[in-house]
Amino acid sequence: MHGTLGFSQVDTTKTSQNSLGIRVGYNQGYFKDLNFSPLNYTEAGMLFGLTYTKLSSKEKGVLNVDLEFSSSQLKTKKSSYLVSNSTLANLEISYLRRVSSSKDLSFYIGGEYSSYVQIVDWQDFDSFSYLASHGIGVKGLLFYDLTPIHRFSTSLFIPVFQFLARPPYNGIDEEIIENQDNIAKIIFNGSPSSVGQYLALEWKINYLLSISEKVDLSATYLLRYQNLSEINKVIHLQNQLSIGANIKF
Numbered sequence: 128m129h130g131t132l133g134f135s136q137v138d139t140t141k142t143s144q145n146s147l148g149i150r151v152g153y154n155q156g157y158f159k160d161l162n163f164s165p166l167n168y169t170e171a172g173m174l175f176g177l178t179y180t181k182l183s184s185k186e187k188g189v190l191n192v193d194l195e196f197s198s199s200q201l202k203t204k205k206s207s208y209l210v211s212n213s214t215l216a217n218l219e220i221s222y223l224r225r226v227s228s229s230k231d232l233s234f235y236i237g238g239e240y241s242s243y244v245q246i247v248d249w250q251d252f253d254s255f256s257y258l259a260s261h262g263i264g265v266k267g268l269l270f271y272d273l274t275p276i277h278r279f280s281t282s283l284f285i286p287v288f289q290f291l292a293r294p295p296y297n298g299i300d301e302e303i304i305e306n307q308d309n310i311a312k313i314i315f316n317g318s319p320s321s322v323g324q325y326l327a328l329e330w331k332i333n334y335l336l337s338i339s340e341k342v343d344l345s346a347t348y349l350l351r352y353q354n355l356s357e358i359n360k361v362i363h364l365q366n367q368l369s370i371g372a373n374i375k376f
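Numbering (this note's numbering), first residue to last: 128 to 376.
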């Protein structure tokens with residue numbers, strides 16, 4: 128397999144390799160939160176992301192840290208007046224080990240910790256809801272080197288055990304008022320949830336073009352699906368397209 132993140136220009140058989148990336152893109156999707164509104168919404172907005180990747184010597188392991196932020200507008204066909212705001216932050220930390228490889232193809236599997244927070248509001252919190260999910264899951268990653276300077280990868284993440292934090296209803300309750308200056312306490316004060324209650328997946332396709340020994344350009348597509356089947360159901364489908372650059376060191 129060619130040296131990763133720089134491919135054939137870098138010898139990864141002796142030392143590990145680090146990469147720091149930044150990306151910008153567009154987020155589009157479908158959203159329904161019965162805690163917020165009985166209506167169906169479409170979602171559109173910008174996203175920004177930072178990524179750190181460390182590939183161990185001989186490419187046996189991959190450590191990845193990914194931070195994403197997006198701000199979108201939610202619209203419904205029922206009325207042009209009912210425009211809402213959606214703010215999303217997502218942190219993912221994963222470590223994967225290589226389980227099989229050939230000349231140009233390598234497959235990794237491992238675990239990931241994710242911390243996902245989405246806040247939806249209408250007209251300065253006259254109506255609002257949020258979903259915070261923190262926990263662990265299983266992730267698989269496939270690398271394919273098309274040529275010495277072109278690399279394709281795809282990954283799939285499925286949450287297994289999560290702590291979910293949700294408001295009790297569409298409005299501000301006593302707990303939220305008491306902790307309004309401590310947002311972390313609100314979004315981390317969740318209850319355990321299993322796959323049966325919270326079904327989610329994240330599928331990512333990434334293309335890298337190595338333009339030099341130190342720089343890669345990237346294009347990424349991400350599909351994220353969430354289905355919370357508790358009392359106030361949530362269905363959220365996101366499609367994201369982004370471009371970026373990675374600095375290798």
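Yeah, the Cβ is synthetic: ideal placement off N, Cα and C, and Gly gets one too.
All values derive from a computational prediction rather than experimental measurement.
{"Check": "Separation of residue 357 from residue 196, as counted between CA atoms", "Outcome": "26 Å"}
{"Check": "Own chain, CB closer than 6 Å to residue 188, minus 5 neighbours either side, in chain order", "Outcome": "224"}
{"Check": "Assumed close pair residue 233, residue 270 - CB separation to whole angstroms, cut-off 8 Å", "Outcome": "5 Å"}
{"Check": "Backbone CA spacing between residue 203 and residue 257 [nearest angstrom]", "Outcome": "18 Å"}
{"Check": "Backbone CA spacing between residue 336 and residue 191 [nearest angstrom]", "Outcome": "19 Å"}
{"Check": "Residue 349 and residue 367 closer than 8 Å at C-beta", "Outcome": "yes"}
{"Check": "Residue 340 Cβ short of 7 Å to the ligand ZN heavy atom set", "Outcome": "For the structure depicted, the ligand ZN is absent and the ligand set is empty, with no information on it obtainable."}
{"Check": "Residue 286: first and last residue of the uninterrupted beta strand (DSSP E) it sits in", "Outcome": "277-292"}
{"Check": "Rounded separation between residue 146 and residue 171 - CA only", "Outcome": "29 Å"}
{"Check": "Reduced DSSP secondary structure (H/G/I, E/B, other) of residue 185", "Outcome": "helix"}
{"Check": "Where residue 234 falls: helix, strand or coil (DSSP)", "Outcome": "strand"}
{"Check": "Per-residue burial, residue 221 [other beta carbons within 10 Å of its own, 16 or more giving buried]", "Outcome": "buried"}
{"Check": "Meets three-Cβ-pair contact criterion under 8 Å: the region 338-345 and the region 284-291", "Outcome": "no"}
{"Check": "Identified DSSP bridge partners for residue 360", "Outcome": "Residue 360 is not bridged to any residue."}
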